[in-house]
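Data first, discussion second: the structure below is written as structure tokens.
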Amino acid sequence: MATYEYRCADCGQFEVHLPIGSAPAVSDCPECHRAARRVFSSPYLTRVPSTLSAALSREEQSQEAPEVVTSLPPKQRQRPPHPAMSRLPRP
Numbered sequence: 001m002a003t004y005e006y007r008c009a010d011c012g013q014f015e016v017h018l019p020i021g022s023a024p025a026v027s028d029c030p031e032c033h034r035a036a037r038r039v040f041s042s043p044y045l046t047r048v049p050s051t052l053s054a055a056l057s058r059e060e061q062s063q064e065a066p067e068v069v070t071s072l073p074p075k076q077r078q079r080p081p082h083p084a085m086s087r088l089p090r091p
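In UniProt numbering, the protein residues as written are 1 to 91.
Next up, the structure:
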């Protein structure tokens with residue numbers, strides 16, 4: 001379903017949810033039932049997951065001013081195995 005915007009001369013702007021490609025050029029206003037013309041606007045693309053947004057921001061920043069690595073990162077400490085893992089068969 002896509003969201004289409006219409007503007008009524010008397011009541012203002014309203015939205016209609018219809019299948020993609022099936023929006024008519026004119027629709028009835030839900031309040032005054034007069035003909036309202038379709039308004040073409042940019043698609044709603046701002047809903048990006050925060051992790052993706054952060055990754056895109058880092059990637060964009062690294063193009064202009066990449067981070068300089070001066071040393072190796074510290075080794076991560078290995079976690080002890082889960083107690084139930086010792087009962088599993090080993091190859």
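All C-beta atoms, glycine included, are put in the ideal place defined by N, C-alpha and C.
Excluding residues up to 5 positions away in sequence, 1, 2, 4 lie with their Cβ nearer than 8 Å to the Cβ of residue 18 in the same chain.
As the crow flies, the alpha-carbon of residue 10 is around 23 Å from that of residue 42. Between residue 38 and residue 25, the C-beta spacing is below 9 Å.
For the set 71, 57, 79, the Cα lying nearest the Cα of residue 65 is the one of 57. Around the CB of residue 84, fewer than 16 other CB atoms lie within 10 Å, so the residue is classed as exposed.
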